[in-house]
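In what follows, a structure is listed as structure tokens, so that the remarks can point back to it.
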Amino acid sequence: MISTAEQLIASVADARDADDDARARVVAAVSPDLIESLLHAQLVGEHADDVVEFASGSGVSPGVATGQVYFTAEAALDGYDRGEEVVLLCAETTPADEVGMRVAAAIVTSRGGVASHAAVVARGLGLPAVCGVDGLVVTETTATCGEYHLEPGDHITVDGAAGTVTVGASELHHDGPPPELFELLRWADRLATVAVRANADTAADVALALEYGAVGVGLCRTEHMFLGERLPIIQRALLATDPAEEAEALHALTEQQRADFAEVLGALNQQPITIRLLDAPLHEFLADRDEHPEHNPMLGLRGVRLSLLRPEILRAQLTALVEAMGDAAAEGHNPEVEVLVPLVIGEAEFARARQEVLAATTNQLIAAGLQRDISGALPVGAMIETPRAALVAGRLAAEGEFLSFGTNDLTQMTFGFSRDDVERQIVPSYRRQGLLDNNPFASIDQDGVGWLIKHAVTAARRRNPAIKIGVCGEQGGDPASVEFLVDVGVDYVSCSPYRVPLARLIAGQKAYADRQTD
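Under the working numbering, the sequence shown has 426 at position 272, and the numbering climbs by one with no breaks.
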């Protein structure tokens, strides 16, 4: 097993001028753990015997970071502005906190787990993160766990692989991945039967994903473009009560999204990018407002439901997208844009949404000379996040050009687990009692969620053999999940940019192993 950088460098050098089979054997011999250790900072040596462990929880994003702790996004941002390395420690995060999360060296939350907002954002940014810390009590000015107490500005160290938070600063090292790693991953790509895309919401995310070998963007989450100081833009669009106010709000939304889309599209050339329409539950945009209260917002007015009940917001997004495609084309960038409709439950709903997308884009694309074929239509796909969508996937495949599994929500709805609540107590307890083999949010539950995915893929391909099928949940970067998805027969997986190298390795290793058993 190749488990150190030195072994990797030597093995690649030895196989560089050898035949394809020798290179494949090197790919097969690499430890997946090595990939993550090369991409993230690690401790120099081991913790000293007298180190104080403040807390422990679920390690949801690998790497180690040290910094001064703050308990709100605003305080973390202030510390960053003073030149400090900061760690954000709080009960949980929301989209409104992302301006502070983006300047943090690490993130710790008392709630949530591997599929929580904090975890997904941390993996996307390549930040160490620990979530679901039992017993952690946080206010805006202090944090307590057991007998230990933290004040703003105290130094802590976060190990996102071990799931630990220790008191004090630690010495770290990070030499970065050697070029031999990327040479080896190109060998893995030649073996693989599935492509690897990235979940990317900004031009910087896209650039990093391409650097790490992604073949395109499998998920661009448009709601992530309305964070921090931009939050009032989407709030005004959602809450407008008269036509003039609504028109002004939608104009602002269109202009903001046009600029953001143009930046993201401009980071690509001919690669594919899947633009997902607004999907976030309303409470993530309106957490500090009394309007539109919902008892269960995760299952309320979100995704395609928002697009069909408030089609003016959908049209504003699509106008921004078409105009941004023109902006990018003027700069010589023509990625293959696809539109993803989230939270679909059936073919009639999806067909109506697809009709709205085409009505808002096709003629405009033709007029601007941006169409990719004679029809001028953008490919439109359904996101399979609900069990019902998986069960009727054959009918969905007859209506659209592609399907994309959102395995985070699909897992949540299949198990009846809240992905923000169960990982602190229920999942660990169930695993200790032998009631769960694995954390289903970290690795696909093959018996239940996996059965739905298999059924959906089989039914979709039977109904539409040309259908393209991908997976864009974070399990797309989990080794066991990637192996399962290869067997199921998806066309691509999509994960955070920092997990792209690992997914590429596993895809190549799986293909090589299958070849050995044929």
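C-beta atoms are modelled at their ideal positions from N, C-alpha and C, and glycine is treated no differently.
Just so you know, these numbers come straight off a predicted model, no measurement behind them.
inquiry  = Per DSSP, what are the beta-bridge partners of K622 in this structure?
reply    = The residue labelled residue 622 in the question sits at position 468 within the sequence shown. Paired residue(s): F556.
query = Helix, strand or coil for P386 per DSSP?
reply = Translated into the one-based positions of the sequence shown, residue 386 becomes position 232. Note: P386 maps to helix in three-state DSSP.
inquiry  = By the three-class DSSP mapping on this structure, what secondary structure does M537 have?
reply    = Numbered from 1 along the sequence shown, position 383 holds the residue referred to as residue 537. Residue state, collapsed to three classes: strand.
ask   = Which of helix, strand or coil does DSSP assign to V181?
value = Numbered from its first residue, the sequence shown carries residue 181 at position 27. V181 falls in the helix class under three-state DSSP.
request  = Give, in chain order, every unbroken run of the alpha helix (DSSP H) that is at least 4 residues long and sits entirely within the stretch 454-516.
outcome  = 458-463, 465-484
ask   = Skipping 5 residues on each side, what residues in its chain have a beta carbon closer than 7 Å to that of L345?
value = Sequence index remark: in the sequence shown, residue 345 carries index 191 (1-based). So the qualifying residues of the chain are A178, V181, G662, A665, Y666.
query = Counting Cβ pairs, one atom from each stretch, are 3 or more of them under 8 Å apart for the stretch 216-232 and the stretch 240-259?
reply = yes
Bridge partners - H327, DSSP secondary structure assignment = Here residue 327 is taken as the residue at index 173 of the sequence shown, counted from 1. H327 pairs with Q196.
key: Reference L192; option with closest CA among V284, T296, G631, D329   = Here residue 192 is taken as the residue at index 38 of the sequence shown, counted from 1. Looking at the Cα atoms, D329 is the closest of the given residues.
message = For the structure I just gave you, are there three or more beta carbon pairs, one from the stretch 315-324 and one from the stretch 334-354, closer than 8 Å?
response = no
query = Which of helix, strand or coil does DSSP assign to T428?
reply = Along the sequence shown, read from residue 1 onward, the residue named residue 428 stands at position 274. Reduced to three states, the DSSP call for T428 is strand.
ask   = Counting Cβ pairs closer than 8 Å, one from the stretch 542-553 and one from the stretch 578-592, do we hit at least three?
value = Taking 8 Å as the limit for Cβ pairs, the verdict is that the stretch 578-592 does not touch the stretch 542-553.
message = Could you check whether the Cβ of V312 sits closer than 9 Å to any Cβ belonging to chain D?
response = In summary, chain D is missing from the structure at hand, where a single protein chain is found.
message = At the level of alpha carbons, what is the spacing between V218 and T311?
response = Start at 1 with the first residue of the sequence shown, and residue 218 comes out as number 64. Start at 1 with the first residue of the sequence shown, and residue 311 comes out as number 157. Answer to the nearest angstrom: the Cα atoms are 7 Å apart.
inquiry  = Between the alpha carbons of I429 and G457, how many angstroms are there, rounded?
reply    = Working through the sequence shown from its first residue, we reach residue 429 at position 275. Working through the sequence shown from its first residue, we reach residue 457 at position 303. Spanning the two alpha carbons is a distance of roughly 13 Å.
task = Taking only the alpha-carbon atoms, compute the straight-line gap between Q525 and L532 and give it to the nearest angstrom.
result = The sequence position of residue 525 within the sequence shown is 371, counting from 1. The sequence position of residue 532 within the sequence shown is 378, counting from 1. Cα to Cα, the separation comes out at about 8 Å.
key: Burial state of R412 (16 or more Cβ within 10 Å)   = The residue labelled residue 412 in the question sits at position 258 within the sequence shown. Answer is buried; the Cβ neighbour count reaches 16.
query = Pairing CB atoms from the stretch 372-388 with CB atoms from the stretch 281-301, are three or more of them under 8 Å?
reply = Two segments are said to touch when three or more pairs of C-beta atoms, one from each, lie closer than 8 Å; by this definition the stretch 372-388 does not touch the stretch 281-301.
query = Taking contact to mean at least 3 C-beta pairs separated by less than 8 Å, is the stretch 399-406 in contact with the stretch 648-660?
reply = no
query = Grouping DSSP H, G and I as helix and E and B as strand, with all else coil, what is F415?
reply = Counting from 1 along the sequence shown, the entry for residue 415 is found at position 261. Residue state, collapsed to three classes: helix.
query = Exposed or buried, what is Q424 when buried is set at 16 or more other beta-carbons lying within 10 Å of its beta-carbon?
reply = Locating residue 424 in the sequence shown gives position 270, counting from the first residue. Under this definition Q424 is an exposed residue.
For N592, three-class secondary structure by DSSP = Counting from one through the sequence shown, the residue named residue 592 turns up at place 438. If DSSP states are grouped into helix, strand and coil, N592 belongs with coil.
Every unbroken beta strand (DSSP E) inside the stretch 263-291 [3 residues or more] = 283-285
message = Going by DSSP in three states, S210 sits in which element: helix, strand or coil?
response = For this step, residue 210 is matched to residue 56 along the sequence shown. Strand.
inquiry  = If contact is defined by three or more beta carbon pairs under 8 Å, each pair taking one atom from either stretch, is the stretch 631-651 in contact with the stretch 567-580?
reply    = no
Extent of the continuous beta strand (DSSP E) run through V319 = Counting from 1 along the sequence shown, the entry for residue 319 is found at position 165. Note, V319: beta strand (DSSP E), 318-321.
query = Is it true that the CB of A167 sits closer than 9 Å to the CB of E334?
reply = For the purposes of this step, residue 334 is taken as the residue at position 180 of the sequence shown. For the purposes of this step, residue 167 is taken as the residue at position 13 of the sequence shown. The beta carbons of E334 and A167 sit closer together than 9 Å.
ask   = Are the stretch 207-216 and the stretch 264-280 in contact at 8 Å, needing three or more beta carbon pairs?
value = Here the stretch 207-216 lies against the stretch 264-280, with 3 or more beta-carbon pairs under 8 Å apart.
ask   = Since V371 contacts A349 with CB under 8 Å, what's their CB separation in whole angstroms?
value = As a working note, residue 371 is residue 217 in the sequence shown. As a working note, residue 349 is residue 195 in the sequence shown. The Cβ separation is near 12 Å, so there is no contact.
query = First and last residue of the alpha helix (DSSP H) that includes Q663?
reply = In the sequence shown, counting from the first residue as 1, residue 663 sits at position 509. 654-671 is the extent of the alpha helix (DSSP H) around Q663.
task = Go to D232, then tell me how far its alpha helix (DSSP H) extends in each direction, as first and last residue.
result = One-based indexing of the sequence shown puts residue 232 at position 78. First-last of the alpha helix (DSSP H) with D232: 227-235.
key: Option nearest G280 by Cα separation, candidates V418, R256, S165   = Along the sequence shown, one-based indexing puts residue 280 at 126. Comparing Cα positions, the closest option is R256.
Three CB pairs or more closer than 8 Å across the stretch 552-560 and the stretch 610-624 = yes
inquiry  = Tell me the residue span of the alpha helix (DSSP H) that contains Q566.
reply    = Translated into positions along the sequence shown, residue 566 becomes position 412. Q566 -> alpha helix (DSSP H) spans 561-569.
ask   = According to the neighbour-count rule (16 or more other Cβ atoms, all chains shown, within 10 Å of its Cβ), is T671 buried or exposed?
value = The residue labelled residue 671 in the question sits at position 517 within the sequence shown. T671 should be labelled exposed.
inquiry  = Pop quiz: A507 and S461 are said to be a contact at Cβ under 8 Å. What is the actual Cβ separation, rounded to whole angstroms?
reply    = Against the sequence shown, residue 507 aligns to sequence position 353. Against the sequence shown, residue 461 aligns to sequence position 307. Yes, they are in contact, since the Cβ atoms of A507 and S461 sit about 6 Å apart, within 8 Å.
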